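Visitor: Would you mind keeping the following structure in view while I ask a few things?
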Amino acid sequence: MKRLTHALIIVLLLSLPLAAGFRSQDITVHKLDNGLKIVLHEDHDIPNIAYYTFFRVGSRNERPGLTGVSHFIEHMMFNGTQANGPGQFDRIMEANGGANNAFTGEDLTGYTNWYPAAALEKMIALDADRMQGLIFDPQVLESERGVIASERRMAVENNNENLLSETVRAAAIMAHPYHWDVIGWMSDILSWKRDEIIAYYRTFYSPNNAVIVVVGDFQTAKIMELIRKYYASIPRGPEPPAVLTVEPPQLGPRRVTVRKPAQTPEFIMVFHAPAATDPDFPAMDVLGMALLQGESSRLYQRLVARDQLAIDVSGGIGMSIDPLLFTFTVKPRPGTDTALIEKAIEEELEKIKKEGLAAKELQKALNSVRMDFYNPLMTISGKAYKLGESEIYYGGYEHIFKAMDPYKAVTLKQVQELAGKYFSENNKTVGVLVPEGGAK
Amino acid sequence: MKKAILVVISAAFVILPLHGANSLPTPQKMKLGNGLTVYYLQDRDLPLVAARMLVKGAGTAFEPAEGLANLTAALMLKGAAGRSAAQVAEDIDSLGAALDISAADEYLNLSASCLAEHFERLMTIAADCVLQPAFSSEEFEKERQNRIDSLKAAKDNPGQAVRLYFRKAYFGTHPLGHLAGGTDTSLGAMTVDQVIAYYKKYLGPQQAVLAVAGDIDAEKLKQVLNRTFGKWQQSAPAPAASLPQFPVPRGKVLILVDKPDATQAYFALGFPGFGMGDEISAAAQVMNTLFGGRFTSWLNTELRIKRGLTYNTNSSFQQWRGAGIFNVFSYTKNDKIGEMLDITFELVAKAKKEGFGEEEIQSARNYILGQFPPTLENLGAKARSYLTLDFYGLGLNYYDGLLERISKIGKAQADTVAANYFSDQDYVLVVVGKAEEISAQLAKIGEFKVKQITAADF
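As structure tokens, this is what we get:
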């Protein structure tokens, strides 16, 4: 439900013959003097508005001791400003027919509001107010700390796959802040200091570090008038510090084991992978689809259908600002020897390195990319998300309209070469959760 | 992005959306020669088509063996019309399309989505799966084993497990106590012959309703249907599907499922509710919005916002034909579960005794009305709505009427819902957690029957 941490945002964008009404010329971009960027698209199908604010901040910008703080601030954004006390944001929004959510990733934090068009001005006032006005009331802060601890217990400690995933990530990534998961380490969650939280907020929650995307039932001139009215007086902030750490090349395979009472094992294998803007990204994405997407994928067929070692497989590559991971997540059958799973994946990867993919696998990936492009365009929230995502990862919404091109340019030869380049023994980290205790 | 572990928690509930006039575009309705009813809406905004189909009666509540309906549904995709399971998967995935078949409680669901240019091919595959499933012994065995394994995986996840245990605890031997994913015992005894017999008995065009929405013109649709689902042969009429009298909790039904490694305790609480389309729906939706249906609800305010006890709590009405239940759900760390349940029961008592304020009722009305339009934005949601409204006999303008009623709900009506359905004496409460650390906190509620999470079944 609300305010989910999402560790990996895997989505595809592409350009295609576009539906009437959602073309580059149907979108306008505006910038205020304080650096705030606004992307607008009028869509009058339903009397509602999707108002999304993206900040260029996530776990990537954190440091030891403050892990998880981006996500914590996301929660605190609903917990009180000078003008609106704790809880007022939600109370006012819901009483006016609106609802909201928010999410934090490695690279971005997004605030998503959905409300009837008639509520527009009130809602803009609320959003502008919290961009710089949070008070971090000490008592509220402590209560919210408990919420986050509960979220971590639910999402990590009582979820074996995520527990293993966190361990594998920390083993594969040594130096870069992607080392920790978005939720942060429990000891950090329990000990963040209020003044450090506020300093982090001041650094990253500035208009020049944000982009607002609005899609829905509004008039562009009118909404810009309101946005200027409420945001123009917010001062430009300092330039957020760049993330300078570069993950050093991995020089040998890594292996981690988690032992825990459980009825079923877990298995995850990862390789360092290219960032969203890397020219290798689309071809690696195609590889991910061929290997892991759908029941026709190579690894579903091998591990679930043929060898019957697993209940399910998932994974692939996700968009990220800095290089992250290509993931193979396998849900083994109870009692399965996970070494067999590892061996089978290795064999399938070797096949691709030697023989490449079939032409029909490339075509399948392109069809999938087209579906993933059109599906979100059915809704105002889907459009708002795609526009914002494009802004964060590619520096501009325009990318949406040419995102298909690099996929169309992917060749079988390129895919084969990249399989060799990335799926190497030295670039690999394997994690296994071994059930122990009375369970079988 | 992670795929959910494959234990389907099937519930017949539909979030009843509400809105102004003509909230749902009016589709065309037709009937094929073999009795198949078809709803059709042309929408050319995007080059996409969504098809949804519902087969009345082919749901988990009417299956002779627990988990059979959903296993049958899944197997329909595992080989058909001379194509193997791998080939069918390849045929679907090569289009970038989605095709799923699963069993809900009262019916079977088919869901197909694709690019408009692939509609005919996808419908051909879908019809092959429905009309000529292979039901091979080999695929049956794989699927059965996969489900047995998935039950174990579900028990490793207490948030998922608590809902399965609750369903069993509330409904017992009533057909709605059937878990869509089956149980260790039921799956252990299941045979492929049962699947074939079930398919023959419950699947037929006379019981089916299809809805298609998207970028396809009427002529083309008719051609495609004539070549695909139009060829579905009528079979002997399926047995009448009606649910027996719902169980109503008398006294407290208390279950504690011991999961010794859990660092958080999860609870599910249930009271009786009402059936789909019941007159009380409008008032109930307002009441639930306030009690546990949104972020500023009573439950979330007290458990999360004020005390930081949990990340998530919510309540909802689940409805089937003729009856339903009311559900409350949350979790907290082991040493706080007693406090969490105390507060939950205090809120139940307060709602029952004092009811809600006029101002918050107005807020709830606005919230429900304001959040309605996006619920029918996409093609699949429109198609699904036609089927649901048809199945429950509510009429295609149901949402408009419901909305109208919601906009007039006042304190008296909302309070009546709480007064009628909440109880401090008669309910079902299931807790999954580490017994050693939570039993003492639960003792004041009453005596819990203790189950081990590692034991077979639920």
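Those protein sequence lines, which keep their order, are chains X and V.
Remember, this note's numbering sits 622 above the position in the first sequence when you count from 1.
Remember, this note's numbering sits 215 above the position in the second sequence when you count from 1.
Heads up, the beta-carbon is just placed ideally off N, CA and C, and yes, glycines get one too.
Here the structure is a predicted model, which is why all the values come from computation and not from measurement.
#1: For the alpha helix (DSSP H) that Y614 of chain V lies in, which residues bound it at each end?
#2: Let me see if you follow: with CB-CB separation under 7 angstroms, is K624 of chain X close to chain V or not?
#3: For I695 of chain X and chain V, any beta-carbon pair shorter than 7 angstroms?
#4: Give the DSSP-derived three-state secondary structure of A312 of chain V in the structure shown.
#5: Give the residues of chain X in contact with G397 of chain V, contact being defined as C-beta atoms less than 9 angstroms apart.
#6: Could you name the residues that DSSP lists as bridge partners for A724 of chain X?
#7: Distance, Cα to Cα, Q915 of chain X vs I963 of chain X?
#8: Relative to the alpha-carbon of S450 of chain V, which residue among V:K467, V:E652 and V:G419 has its alpha-carbon at the smallest distance?
#9: Thinking just about the alpha-carbon of each residue, which of X:P870, X:N723 and X:T949 is nearest to the one in F1045 of chain X?
#10: Since A566 of chain V and F506 of chain V are thought to touch, with beta carbons under 8 angstroms apart, how far apart are those beta carbons, to the nearest angstrom?
#11: For N701 of chain X versus P708 of chain X, is the C-beta spacing smaller than 7 angstroms?
#12: Considering only their Cβ atoms, is the gap separating I943 of chain X from I834 of chain X smaller than 7 angstroms?
#13: So is G768 of chain X buried or exposed if we call it buried at 16+ other beta carbons inside 10 Å?
#14: Let's test the definition: count the other Cβ atoms within 10 Å of the Cβ of N527 of chain V and tell me whether it reaches 16, buried, or not, exposed.
#15: Okay, do the region 600-619 of chain V and the region 438-454 of chain V touch, 3+ Cβ pairs below 8 angstroms being the bar?
#16: Can you pull the chain X residues whose beta carbon is under 7 angstroms from the beta carbon of Y526 of chain V, in chain order?
#17: Go to R877 of chain X, then tell me how far its beta strand (DSSP E) extends in each direction, as first and last residue.
#18: Would you list the one or two residues that DSSP bridges to I307 of chain V?
#19: Count the other C-beta atoms from every protein chain shown that fall within 10 angstroms of the C-beta of Q613 of chain X, then say buried if there are 16 or more, exposed otherwise.
#20: Beta carbons nearer than 9 angstroms to chain V: which residues of the region 702-722 of chain X have them?
#21: Are L269 of chain V and E358 of chain V closer than 7 angstroms when you measure CB to CB?
#22: Check each residue of the region 477-498 of chain V: if its Cβ is closer than 9 angstroms to any Cβ of chain X, include it; give the result in chain order.
#23: How is the beta strand (DSSP E) around T597 of chain X delimited, first residue to last?
#24: Where in the region 395-441 of chain V do unbroken runs of the alpha helix (DSSP H), each at least 4 residues long, occur, reported from the N-terminal end onward?
#25: Taking only runs that begin and end inside the region 588-615 of chain V, name each unbroken alpha helix (DSSP H) of 4 or more residues, in chain order.
#26: Suppose the cutoff is 6 angstroms on Cβ atoms and the five residues either side in sequence are ignored; what does the same chain contact list for K975 of chain X look like?
#27: Under 7 angstroms between C-beta atoms, does Q257 of chain V make it to chain X?
#28: Quick check: is any heavy atom of the ligand NAP less than 6 angstroms from the C-beta of Q647 of chain X?
#29: Going along the chain, which residues of its own chain have a beta-carbon closer than 6 angstroms to the beta-carbon of T400 of chain V, five neighbours each way excluded?
#30: With a Cβ-Cβ cutoff of 7 angstroms, do A171 of chain V and L251 of chain V count as a contact?
#31: Once DSSP output is grouped into helix, strand and coil, what is the label at D641 of chain V?
#32: Is there a C-beta anywhere in chain X that falls below 7 angstroms from the one on P589 of chain V?
#33: Cβ atoms of A288 of chain V and I169 of chain V: under 7 angstroms apart, would you say?
#34: Could you check whether the region 653-668 of chain X touches the region 720-735 of chain X, counting it as contact only if at least three pairs of C-beta atoms, one from each stretch, sit closer than 8 angstroms?
#35: Check each residue of the region 731-746 of chain X: if its Cβ is closer than 8 angstroms to any Cβ of chain V, include it; give the result in chain order.
#36: Would you call the region 356-370 of chain V and the region 380-398 of chain V in contact, with 3 or more CB pairs under 8 angstroms?
Guide: Taking the geometry as given:
#1: That run of the alpha helix (DSSP H) goes Y613 to I621.
#2: Interpretation of K624 of chain X is limited by its pLDDT of 44, a score under 50 that renders its predicted location unreliable; the figure taken from the coordinates is listed afterwards. Chain V contact via Cβ: present.
#3: Cβ-Cβ to chain V under 7 angstroms: no for I695 of chain X.
#4: It is coil, neither helix nor strand.
#5: Chain order gives no chain X residues near G397 of chain V, where near means a beta carbon separation below 9 angstroms; the closest approach is about 14 angstroms.
#6: DSSP, once it has assigned bridges, lists X:Y733 as partnering A724 of chain X.
#7: The alpha-carbon atoms of Q915 of chain X and I963 of chain X are separated by roughly 17 angstroms.
#8: If we check each option's Cα against that of S450 of chain V, V:G419 comes out closest.
#9: Taking F1045 of chain X as reference, the option from X:P870, X:N723 and X:T949 with the minimal CA-CA separation is X:T949.
#10: With 8 angstroms as the limit, A566 of chain V and F506 of chain V qualify as a contact, their Cβ atoms being about 6 angstroms apart.
#11: Taking 7 angstroms as the Cβ cut-off, N701 of chain X and P708 of chain X qualify as a contacting pair.
#12: Not a contact, by the Cβ cut-off of 7 angstroms.
#13: Residue burial annotation: G768 of chain X is buried, with at least 16 other C-beta atoms found within 10 angstroms of its C-beta.
#14: Looking at its Cβ environment, which holds 16 or more other Cβ atoms inside 10 Å, N527 of chain V is buried.
#15: No, because fewer than three Cβ pairs between the region 600-619 of chain V and the region 438-454 of chain V fall closer than 8 angstroms, the two stretches do not touch.
#16: By Cβ distance, chain X contributes V769, S772, E773 and M776.
#17: Element bounds for R877 of chain X: R876 to P883.
#18: The beta-bridge partner set that DSSP reports for I307 of chain V is empty.
#19: Within the shown structure, residues of chain X are numbered from 623 to 1062, placing residue 613 of chain X beyond reach of any answer.
#20: So the close ones are P708, G709, D712, R713, M715, E716, A717, N718, G719, G720, A721 and N722.
#21: The criterion of a C-beta distance shorter than 7 angstroms is not satisfied by L269 of chain V and E358 of chain V.
#22: Hits within the stretch, in order: A477, T478, Q479 and Y481.
#23: What is shown of chain X runs 623 to 1062, which leaves residue 597 of chain X out entirely.
#24: Runs found: 399-403 and 407-417.
#25: Those alpha helix (DSSP H) runs which fall completely within the region 588-615 of chain V and span 4+ residues are 594-606.
#26: Around K975 of chain X: A1041 and G1042.
#27: Cβ-Cβ to chain X under 7 angstroms: no for Q257 of chain V.
#28: Among the components of this structure there are no ligands whatsoever, and the ligand NAP is therefore not found.
#29: For T400 of chain V, where only same-chain residues beyond five positions count, the Cβ hits under 6 angstroms are D672.
#30: Here chain V has residues from 216 to 673 only, and residue 171 of chain V is not among them.
#31: D641 of chain V sits in coil when the DSSP states are folded into three classes, being neither helix nor strand.
#32: At least one chain X Cβ lies under 7 angstroms of P589 of chain V.
#33: Coverage of chain V is limited to positions 216 through 673, which leaves residue 169 of chain V absent and any answer about it impossible.
#34: A contact between stretches requires three or more CB pairs, one per stretch, nearer than 8 angstroms, and the region 653-668 of chain X fails this requirement with the region 720-735 of chain X.
#35: Against chain V - using a Cβ distance shorter than 8 angstroms - the residues of the region 731-746 of chain X are W736, Y737, P738 and A741.
#36: Yes: at least three Cβ pairs fall under 8 angstroms.
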